[in-house]
Amino acid sequence: MVVLSTHLVVMNTWGVANSFGVFQPYFTTLFDRSPSDVSWIGSFEVFLLFFVGTFTGRWTDMGFFRPLFIVGFFLVVLGMVAASFCTTYWQFFLAQGICLGLGNGCLFCPTMAVTSTYFAKRRSLAFGITAAGATVGGLAFPSMVRQLLPQIGLGWTMRTIALIQLVTLAIAGLLIKTRIPPRQAAPLVEWAAFKESEYSFYAVGAFMCFWGIYFAFHYLAAFSRDIMGLSFTDSLDLLLVLNGVGAFGRIIPSQIGDMVGTINIFAPMAFMTGTIMYFWMGVASLTGLYVWAVFYGFAVGGVQALFPAVLSSLTADPQKQGTRMGMVFTIVSFASLTGSPIAGAIIDAQGGKYSGAQGFAGTCLLLGMTCVLAARVCKTRKMGVGAIAWVKV
2 MVVLSTHLVV
12 MNTWGVANSF
22 GVFQPYFTTL
32 FDRSPSDVSW
42 IGSFEVFLLF
52 FVGTFTGRWT
62 DMGFFRPLFI
72 VGFFLVVLGM
82 VAASFCTTYW
92 QFFLAQGICL
102 GLGNGCLFCP
112 TMAVTSTYFA
122 KRRSLAFGIT
132 AAGATVGGLA
142 FPSMVRQLLP
152 QIGLGWTMRT
162 IALIQLVTLA
172 IAGLLIKTRI
182 PPRQAAPLVE
192 WAAFKESEYS
202 FYAVGAFMCF
212 WGIYFAFHYL
222 AAFSRDIMGL
232 SFTDSLDLLL
242 VLNGVGAFGR
252 IIPSQIGDMV
262 GTINIFAPMA
272 FMTGTIMYFW
282 MGVASLTGLY
292 VWAVFYGFAV
302 GGVQALFPAV
312 LSSLTADPQK
322 QGTRMGMVFT
332 IVSFASLTGS
342 PIAGAIIDAQ
352 GGKYSGAQGF
362 AGTCLLLGMT
372 CVLAARVCKT
382 RKMGVGAIAW
392 VKV
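Reading the sequence shown from the start, the letters are residues 2 to 394 in our numbering.
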């Protein structure tokens, strides 16, 4: 039941966040703003989802999971309903970027921390199944926008999404329960964790990876319109492919991670994602773009699913899962906040060309992979084996 509950939470948090590319070209036209300006809405939503992790993770460890879930549930539904009445850029920023982002932050980190306490041997697979909720949401919500927006308008489309979130999050809240007793009061940040070199390297690596990951989610539909000449409706099909293939990317690498080690599989998935991002520069046809979306969707799904699984594996004490997970979530939040706007600014500076932004995102992912490999070296040395020895990590 806890996996199903977290799956529904991820569907309504990351599923919505990964679907912002649906609104990116629409808002750009509606508000006559630059792509960089519009991307701040989606980036701020992801930023807050991660940033409040330090606080919500610690409060979860202290036994406040249920109040956090209720607050998150209220803010998510309120934010989506409020967005349905918005008419200006700043109104959408407040409703969709801030209110929805805060609600997501109160839901995501606490539920992931609670889920991690239920599993030991099959933890990565459990995270993979829960992360597949992002695929379900990433298919359902863009499909709804694609079908409903031309027929009933933006307002009622948003209210329909809010109704689905209301029902599914209520089910999740009824099913999920904490397993371990609350931890006694402790500092909000466990600074001792950063003395563990593998934890610090992984935090930097995760920051670099998430600096480049969301560029495709936010700009693939816009790219297909600007470069390939697709209509708004047809451009959303690419986002559906990107999110749909992610289901396999979230589950298969996670299952392999349980067998060979989460870091051992995270590093090659990050390498694949960065390399495929570079390949985007060479795509010159619509068929090629669909093929690219399939490969990128699989690779990036693995990175997203394994990210919390690696964090969990680097934490021996289950009572510290929420705190240590939330600390890295907060670090990563600044990458998620600035990555897409930086990419959008690069596109503007190049006069609408995407090659510079694609290179930026790919380079970030490859640098992140390098830091993750450094974390692996530190971990294997502590285990008393060689830096390049093959061992489950």
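Every residue gets a Cβ at the ideal spot worked out from N, C-alpha and C, and that includes glycine.
These numbers come from a predicted model, not from an experiment.
So, using beta-carbon positions, are G58 and A135 closer together than 7 Å? Taking the first residue of the sequence shown as 1, we reach residue 58 at position 57. Taking the first residue of the sequence shown as 1, we reach residue 135 at position 134. No, the pair does not count as a contact, with Cβ atoms beyond the cut-off.
Could you check how far apart the C-beta atoms of G49 and G16 are, in whole angstroms? I think they sit under 8 Å. Taking the sequence shown and counting its residues from 1, one reaches residue 49 at position 48. Taking the sequence shown and counting its residues from 1, one reaches residue 16 at position 15. Contrary to the premise, residue 49 reads as Leu rather than Gly in this sequence. No, L49 and G16 are not in contact; Cβ-Cβ is about 16 Å, not under 8 Å.
Which of helix, strand or coil does DSSP assign to V39? Translated into positions along the sequence shown, residue 39 becomes position 38. Three-state DSSP puts V39 in a helix.
According to DSSP, is I214 helix, strand or coil? As a position in the sequence shown, residue 214 is number 213, starting the count at 1. In the structure shown, I214 sits in a helix (DSSP, three-state: H, G or I).
What are the complete alpha helix (DSSP H) segments, minimum 4 residues, inside the stretch 149-192? Note on the stretch 149-192: there is no whole alpha helix (DSSP H) run with a minimum of 4 residues.
For the alpha helix (DSSP H) that I257 lies in, which residues bound it at each end? Numbered from 1 along the sequence shown, position 256 holds the residue referred to as residue 257. Taken as a continuous stretch (DSSP letters only), the alpha helix (DSSP H) holding I257 covers F233 to V261.
Counted within 10 angstroms of its Cβ, other Cβ atoms place T89 as buried (16 or more) or exposed: The residue you call residue 89 lines up with position 88 of the sequence shown. Only exposed fits T89, as fewer than 16 other CB atoms lie within 10 angstroms of its CB.
Using only CA atoms, which one of S341, L175 and A141 lies nearest to I162? What you label residue 162 is simply residue 161 of the sequence shown in a count that begins at 1. Nearest option by C-alpha distance: A141.
T276 to M370, Cα distance in whole Å? Taking the first residue of the sequence shown as position 1, residue 276 is located at position 275. Taking the first residue of the sequence shown as position 1, residue 370 is located at position 369. Near 11 Å, if we compare the C-alpha coordinates of M370 and T276.
Among K178, A300 and L5, which has the Cα closest to the Cα of N244? In the sequence shown, the residue the question calls residue 244 occupies position 243. Ranking K178, A300 and L5 by CA distance to the CA of N244 puts A300 first.
Alpha helix (DSSP H) segment containing R34, residue limits: Here residue 34 refers to the residue found at position 33 when the sequence shown is read from its first residue. From DSSP, R34 is part of no alpha helix (DSSP H); its letter is neither H nor E.
Cα-Cα separation between A310 and F216, rounded to whole angstroms: To locate residue 310, count along the sequence shown from 1; it is residue 309. To locate residue 216, count along the sequence shown from 1; it is residue 215. Near 23 Å, if we compare the C-alpha coordinates of F216 and A310.
Of the residues H219, I253 and S334, the one placed nearest L239, counting alpha carbons only: Translated into positions along the sequence shown, residue 239 becomes position 238. For the residues H219, I253 and S334, the minimum Cα distance to L239 belongs to H219.
Label Q351 either buried or exposed according to how many other C-beta atoms from any shown protein chain fall within 10 Å of its C-beta, with 16 as the threshold for buried. The sequence position of residue 351 within the sequence shown is 350, counting from 1. That one is exposed.
Could you give the DSSP three-state label for C412: helix, strand or coil? One cannot answer for residue 412 here, as it falls past the ends of the chain, which runs 2 to 394.
Determine whether the beta carbon atoms of L167 and T158 lie at a separation below 7 Å. In the sequence shown, the residue the question calls residue 167 occupies position 166. In the sequence shown, the residue the question calls residue 158 occupies position 157. Not closer than 7 Å, so no.
Can you tell me which of the three DSSP states E199 falls into? Within the sequence shown, residue 199 is the residue found at index 198, counting from 1. In the three-state DSSP reduction, E199 falls in the helix class (H, G or I).
Less than 7 Å between C-beta atoms, sequence neighbours within five positions excluded: which residues of the same chain meet that for Q320? Position 319 of the sequence shown, counting from 1, holds the residue named residue 320. Contacts found: D62, I181 and R184.
With a CB to CB cut of under 6 Å and the five nearest residues on each side skipped, what residues in its chain are close to Y279? Walking along the sequence shown from the start, residue 279 turns up at place 278. Listed in chain order, the non-local C-beta contacts of Y279 below 6 Å within the same chain comprise G363, local neighbours out to five positions each way being set aside.
Taking just the CA atoms, how far does G327 sit from F56? The sequence position of residue 56 within the sequence shown is 55, counting from 1. The sequence position of residue 327 within the sequence shown is 326, counting from 1. Cα to Cα, F56 sits roughly 7 Å from G327.
Closest residue to R123 among M260, F272, G298 and W293 (Cα-Cα distance): One-based indexing of the sequence shown puts residue 123 at position 122. The option with the nearest alpha carbon to R123 is M260.
With Q92 as the anchor, note down where its alpha helix (DSSP H) starts and where it stops. Translated into the one-based positions of the sequence shown, residue 92 becomes position 91. That run of the alpha helix (DSSP H) goes Y90 to F93.
Taking the alpha carbon of S341 as the point to measure from, which residue in A268, I257, V53 and G43 has its own alpha carbon closest? The count along the sequence shown starts at 1 and reaches residue 341 at position 340. When C-alpha distances from S341 are compared across A268, I257, V53 and G43, the shortest belongs to G43.
Roughly how many angstroms separate the alpha carbons of L164 and A358, rounded to a whole number? Taking the sequence shown and counting its residues from 1, one reaches residue 164 at position 163. Taking the sequence shown and counting its residues from 1, one reaches residue 358 at position 357. Linking L164 to A358 through their CA atoms gives a straight-line distance of about 36 Å.
What are the boundary residues of the alpha helix (DSSP H) that includes R325? On the sequence shown, position 324 is the one that residue 325 refers to. Note, R325: alpha helix (DSSP H), Q322 to A350.
Cβ pair count under 8 Å reaching 3, the stretch 26-44 against the stretch 63-71: Contact between the stretch 26-44 and the stretch 63-71 is absent, with fewer than three C-beta pairs closer than 8 Å.
Straight-line CA distance for M12 to V23? On the sequence shown, position 11 is the one that residue 12 refers to. On the sequence shown, position 22 is the one that residue 23 refers to. So the alpha carbons of these two residues sit roughly 16 Å apart.
With H, G and I counted as helix, E and B as strand and the rest as coil, what does DSSP make of T118? The residue labelled residue 118 in the question sits at position 117 within the sequence shown. In the structure shown, T118 sits in coil (DSSP, three-state: anything other than H, G, I, E or B).
Indicate whether S356 and M273 have their beta-carbon atoms separated by less than 7 Å. Translated into positions along the sequence shown, residue 356 becomes position 355. Translated into positions along the sequence shown, residue 273 becomes position 272. Going by C-beta atoms, S356 is not nearer than 7 Å to M273.
Under three-state DSSP, which class holds C87? Your numbering for residue 87 matches position 86 in the sequence shown. DSSP places C87 in coil when its eight states are reduced to three.
Report the rounded CA-to-CA distance for G213 versus F361, giving the unit in angstroms. Indexing the sequence shown from 1 puts residue 213 at position 212. Indexing the sequence shown from 1 puts residue 361 at position 360. Each residue's alpha carbon lies about 7 Å from the other.
Leaving aside the five residues before and after C379 along the sequence, list all residues of the same chain whose C-beta is less than 7 Å from its C-beta, in chain order. Here residue 379 refers to the residue found at position 378 when the sequence shown is read from its first residue. Counting only Cβ-Cβ distances below 7 Å, and skipping sequence neighbours, we find S198, E199 and F202.
Buried or exposed: which applies to F224, given that a residue is buried once 16 or more other Cβ atoms fall within 10 Å of its Cβ? As a working mapping, residue 224 is identified with position 223 in the sequence shown. Classification of F224: buried, given that the 10 Å Cβ count is 16 or more.
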